[in-house]
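My numbering puts the first residue of the sequence shown at 331, with every later residue one more than the last. C-beta atoms are modelled at their ideal positions from N, C-alpha and C, and glycine is treated no differently.
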Amino acid sequence: MITYRDVGVRYASRDRAALQGVSFEATRGRITAVVGPNGSGKSTLVRALLGSVHLETGRIEIDGTHIASLARREIASRVAAVTQREDVVFPLKVREYVQLGRYPRLGLWRSVSAADVAAVRRALDLTGADAFLDRALSQLSGGEWQRVRLARALAQGGDAIVLDEPTTFLDVGHEMHLFELLGRLASEGHAVLLVSHQLNLVARFAAHMVLLHHGRIEAAGTPDDVMQAGVLERVYEWPLVITRDPAVGAPTLVPLRARPRGDRTV
Ligand code: ADP
Ligand code: MG
Numbered sequence: 331m332i333t334y335r336d337v338g339v340r341y342a343s344r345d346r347a348a349l350q351g352v353s354f355e356a357t358r359g360r361i362t363a364v365v366g367p368n369g370s371g372k373s374t375l376v377r378a379l380l381g382s383v384h385l386e387t388g389r390i391e392i393d394g395t396h397i398a399s400l401a402r403r404e405i406a407s408r409v410a411a412v413t414q415r416e417d418v419v420f421p422l423k424v425r426e427y428v429q430l431g432r433y434p435r436l437g438l439w440r441s442v443s444a445a446d447v448a449a450v451r452r453a454l455d456l457t458g459a460d461a462f463l464d465r466a467l468s469q470l471s472g473g474e475w476q477r478v479r480l481a482r483a484l485a486q487g488g489d490a491i492v493l494d495e496p497t498t499f500l501d502v503g504h505e506m507h508l509f510e511l512l513g514r515l516a517s518e519g520h521a522v523l524l525v526s527h528q529l530n531l532v533a534r535f536a537a538h539m540v541l542l543h544h545g546r547i548e549a550a551g552t553p554d555d556v557m558q559a560g561v562l563e564r565v566y567e568w569p570l571v572i573t574r575d576p577a578v579g580a581p582t583l584v585p586l587r588a589r590p591r592g593d594r595t596v
C-alpha cells in the first residue's frame, strides 16, 4: 500500500507549489487513479514516490515505511514504475531491456535465478511484448515501446505498480488490453496507482479516483463522486456533460462543442 500524507513539493524555479497538502492511499486490490489537467502535478506525485523529488512537507509511505528511509534501489524493488517519459538511450534488444527490470531484485552475486527467468517470461507474455523479443529498442513503434516498458515494470514483480499515462501511443485495442491487465493485477492483490488522461476508462476500471488541480486535491472518491459535471467543467475549463456508458453504466464525460459567437446551440 502506498500512502501520501500531506505531501507538498515545490520546484526551485517556481513560485507556486507543484503539490500542496496531498493525502490519499493507493491500497492493494484496486486501481487508484490520479487525474487532472496538464500541469496539475500528476507526474510530480509519481516522482515524489520514486524518491526523485524532494518533499517540502509531508511524507510518503510504502507499507508503512517512510520512503525517506529507503534507498532508491529498495524503492525500485517494491514499486514497479512506468514513468511518463523515457527515451531509448540503451543499445539493447527488447529481451535484454525487460530483463533489466529484475535488476533491483538480483541477489548478492547478481546471478539470474529460475524465478527471474519466469518473471520475465510472464511479463513478456502479459504485455504481448514477446512478439518482438529480438528487436532493437530503437526499432520499436511508440506503442510497442510503451508495452516493452510495461513489461519491464511487471518483470520487477513488486506488490505495487505506478504508471504515468501508460496508454499514450496505444490504439484502442491495446489501451483496453492494458486497462484489463491493470484490473487483473489489482484483483490479484497489487496496489495499482495509475495516472491517466482517460477519464472515461478510469471511471470504468478504477475503484478510487483523485482529481488534482493546481497541485491540490479538488475531489476524491468513487468515480461517481468525482465525475461531476460542475467540478470537471471548472477544473478542465471546458463545457461538458456526464452521461452513462452503455456497456457498464459508469459515469462518462462528453465534452461539448465550443459555442460560436451569438449561437447558443452546442
Ligand atoms: P502533470 O503531470 O499533471 O502534467 P507535472 O507534475 O509534470 O504535471 O507538473 C506540475 C507543475 O510543476 C507544472 O506547473 C510544471 O510546469 C511544473 N514542473 C514540473 N517539473 C518541473 C521541473 N523539473 N522544474 C520546474 N517546474 C516543474
Ligand atoms: Mg505528467
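Quick one: residues in its chain with C-beta nearer than 8 angstroms to the C-beta of TYR427, no 5 flanking neighbours on either side, listed in chain order?
For the purposes of this step, residue 427 is taken as residue 97 along the sequence shown, with counting starting at 1. Counting only Cβ-Cβ distances below 8 angstroms, and skipping sequence neighbours, we find PHE420, LEU467, VAL478, ARG482.
Taking the DSSP output, what are the residues bridged to GLU355?
Position 25 of the sequence shown, counted from the start, is the residue given in the question as residue 355. Bridge partners of GLU355: THR333.
Considering only residues of the region 530-561, which uninterrupted alpha helix (DSSP H) runs meet the minimum length of 4 residues and lie entirely inside it, listed in chain order?
Correct list: 553-556.
Within 7 angstroms: the Cβ of GLU510 and any heavy atom of the ligand MG?
Your numbering for residue 510 matches position 180 in the sequence shown. Incorrect: GLU510 has no Cβ contact closer than 7 angstroms to the ligand MG.
Helix, strand or coil, according to DSSP, for ALA347 in the structure here?
Within the sequence shown, residue 347 is the residue found at index 17, counting from 1. Coil.
What is the DSSP secondary structure of GLY519, counted as helix, strand or coil?
Taking the sequence shown and counting its residues from 1, the one referred to as residue 519 is at position 189. GLY519 falls in the coil class under three-state DSSP.
Buried or exposed: which applies to THR552, given that a residue is buried once 16 or more other Cβ atoms fall within 10 Å of its Cβ?
Position 222 of the sequence shown, counted from the first residue, corresponds to residue 552. So THR552 counts as exposed.
Exposed or buried, LEU586, counting other C-beta atoms within 10 Å across all chains shown (16 or more means buried)?
Position 256 of the sequence shown holds residue 586. Looking at its Cβ environment, which holds fewer than 16 other Cβ atoms inside 10 Å, LEU586 is exposed.
Please name the residue, chosen from ALA549, PRO576, HIS396, ARG564, that lies closest to VAL365 on a Cα-to-Cα basis.
If you number the sequence shown from 1, residue 365 lands on position 35. That would be ALA549, whose Cα lies nearest to the Cα of VAL365.
According to DSSP, is LEU463 part of a helix, a strand, or is it coil?
Numbered from its first residue, the sequence shown carries residue 463 at position 133. Note: LEU463 maps to coil in three-state DSSP.
Would you identify the three-state DSSP class for GLY338, choosing helix, strand or coil?
Against the sequence shown, residue 338 aligns to sequence position 8. Correct three-state label for GLY338: strand.
I need the boundaries of the beta strand (DSSP E) containing GLU474, first residue and last residue.
Here residue 474 corresponds to residue number 144 of the sequence shown, with the count starting at 1. Careful: GLU474 lies outside any beta strand (DSSP E), inside the alpha helix (DSSP H) at 472-486.
Hey, quick one: how far does the beta strand (DSSP E) through GLU391 stretch, first residue to last?
If you number the sequence shown from 1, residue 391 lands on position 61. Start and end: 387-392.
Following the continuous alpha helix (DSSP H) through ARG402, name the residue where it begins and the one where it ends.
The sequence position of residue 402 within the sequence shown is 72, counting from 1. Looking at the DSSP string, the run of the alpha helix (DSSP H) that includes ARG402 is 402-408.
Tell me the DSSP secondary structure of THR573 in three-state form.
Looking up residue 573 in the sequence shown gives position 243. Residue state, collapsed to three classes: strand.
Measuring CB atoms only, is the region 356-370 touching the region 523-541, in the sense that at least three cross pairs come out at less than 8 angstroms?
The answer is yes - the region 523-541 touches the region 356-370, with three or more Cβ pairs under 8 angstroms.
Can SER373 be considered in contact with the ligand MG, in the sense that its beta carbon sits closer than 7 angstroms to one or more heavy atoms?
Looking up residue 373 in the sequence shown gives position 43. Within the cutoff, so yes.
Per DSSP, what kind of secondary structure is THR582 in: helix, strand or coil?
Counted from its first residue, the sequence shown places residue 582 at position 252. Looking at THR582 - three-state DSSP - the assignment turns out to be strand.
On a Cα-Cα basis, can you pick out the residue from VAL571, ARG346, LEU454 that is closest to VAL584?
On the sequence shown, residue 584 is found 254 positions in, with the first residue counted as 1. Closest by alpha carbon: VAL571.
Helix or strand or just coil, what does DSSP make of ALA490?
As a position in the sequence shown, residue 490 is number 160, starting the count at 1. Note: ALA490 maps to strand in three-state DSSP.
Out of ALA577, ILE547, ARG435, state which residue places its alpha-carbon closest to the alpha-carbon of ALA406.
Translated into the one-based positions of the sequence shown, residue 406 becomes position 76. With distances taken between Cα atoms, ALA406 lies closest to ARG435.
Within the same chain, show all residues whose beta-carbon is closer than 7 angstroms to that of GLN414, passing over the 5 residues directly before and after it, in chain order.
Along the sequence shown, one-based indexing puts residue 414 at 84. For GLN414, where only same-chain residues beyond five positions count, the Cβ hits under 7 angstroms are SER373, ASP494, GLU495.
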